[in-house]
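What the sequence shown shows, in the working numbering, is residues 30 to 322, in sequence order.
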Amino acid sequence: MVIRELIIIGAGPAGMTAALYAERAGLDVLIIEKLYEGGKLINISSIENYPGFENINGVDLALNFKKNIKNVPIVYEEVLSLEKAEDIFIIQTNENVYYAKFVIVASGSSERPLKLSEAERYLNKGLSYCAVCDGSLYKGKVGAVMGGSASAIKETLYLSKILKRVYLIHRREEFRVNNIELKKVIEKENVTILKPYDVIKLLGHDKLESIIIKSNKEEKELEINCLFAYLGNDANSSFLPNEIKQGYVKVDKNNETIIKNLFVIGDLVEKEHRQISIAIGEASLAVLTIVNR
Ligand SMILES: Cc1cc2nc3c(=O)[nH]c(=O)nc-3n(C[C@H](O)[C@H](O)[C@H](O)COP(=O)(O)OP(=O)(O)OC[C@H]3O[C@@H](n4cnc5c(N)ncnc54)[C@H](O)[C@@H]3O)c2cc1C
30 MVIRELIIIG AGPAGMTAAL YAERAGLDVL IIEKLYEGGK LINISSIENY
80 PGFENINGVD LALNFKKNIK NVPIVYEEVL SLEKAEDIFI IQTNENVYYA
130 KFVIVASGSS ERPLKLSEAE RYLNKGLSYC AVCDGSLYKG KVGAVMGGSA
180 SAIKETLYLS KILKRVYLIH RREEFRVNNI ELKKVIEKEN VTILKPYDVI
230 KLLGHDKLES IIIKSNKEEK ELEINCLFAY LGNDANSSFL PNEIKQGYVK
280 VDKNNETIIK NLFVIGDLVE KEHRQISIAI GEASLAVLTI VNR
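See the structure below:
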């Protein structure tokens, strides 16, 4: 049985930063990632608030993070459970069992799916959760973005450069953010903001052709070719020990959970703001805490 000093779950910006610090500190470290390096970065069209870069797209930033950890071993498996027995953590993936003295969980969160019965039917046939991945499929066409978060606004701006017209549909009167990108969206001639409206039905034969939107005054049909839904995120915490597996995780000032030697960093932490710069700060703090033990 091989017992690693540190296992990191998730290779988004938080997990990769933790790996960078761990490797430089000489820890015997392994990353377990269920998909690919980069996490949510892969879905971000442009990042303007990451220090050191005026503007960088998410894929390029992910590749830069990856270059920094080229010597850290990584396995592409999904973690299914994490338990502590005496002083050792036992991590069960879909393929193997791993053991570690310390664990850093950086599994982030997942996009909340659109809760309409017909949503699955139109997935990848007009309905998408990632403008960067699918926006170019609808070049020159008409689309809509659903949501009022910073992500929804940022991706509306991105789509406005590809699509002929973009409707930004938000179910509240006010947006949750008031940033530079919102001002840019308001100024865009080919963006129409519809609020407070909710999307209540998707329509179309083989693919999405229109949606029904509803306010407290009216219902109307919008002809569109694509709908990008940004409806918030749910914590990827289902594999955690019972004491901490409910939603986002509470941590102390060093990002340690109530379970000794188990740290949670990045978007999975219970907090007000979720940003790359916050995630990477938590990552370095957690590893430096481990190194000092
Ligand atoms: C559209 C959009 C735009 C954004 N724009 C910005 C921006 O401009 N600036 C900014 O600072 N932030 C931005 N953010 C937020 C930023 O992306 C996150 O704060 C950041 O990615 C959090 O990093 P993380 O490593 O904690 O989580 P994530 O990036 O979510 O990475 C988590 C990783 O864990 C893996 N994982 C999950 N479950 C398991 C499991 N069971 N087993 C193994 N691996 C698992 C996932 O596959 C993923 O790779 C944006 C987010 C979105 C969605």
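Using N, Cα and C, we set each Cβ at its ideal position, and we do this for glycine too.
Glu34 sits close to Lys130, with the two beta carbons spaced by under 8 Å. Taken through DSSP and simplified to helix, strand or coil, Phe131 comes out as strand. Per DSSP, the beta bridge partners of Arg194 are Val171.
Among the bridge pairs identified by DSSP, Thr122 is matched with Val108. DSSP links Cys255 through a beta bridge to Gly172. For the pair Ile71 and Val214, the Cα-to-Cα distance works out to about 22 Å.
Of Pro225, Thr185, Asp235 and Leu237, the smallest CA-CA separation from Glu248 is found for Pro225. In the displayed model, Glu285 falls within a strand according to three-state DSSP.
Contact between the segment 217-234 and the segment 181-201 is present: three or more C-beta pairs spanning the two stretches fall below 8 Å. Beta-bridge annotation (DSSP): Arg201 is not paired with any residue.
Per DSSP, Arg33 is one residue of the beta strand (DSSP E) stretching across Ile32 to Ile38. Taken in chain order, the whole alpha helix (DSSP H) runs of length 4 or more contained in the segment 51-111 are 87-97. Taken through DSSP and simplified to helix, strand or coil, Asn271 comes out as helix.
Secondary structure of Ser178 (DSSP, three-state): coil.
Residue burial annotation: Cys255 is buried, with at least 16 other C-beta atoms found within 10 angstroms of its C-beta. Nearest to Ser189 by C-alpha distance, out of Leu211, Arg205, Ser178 and Asn207, is Leu211.
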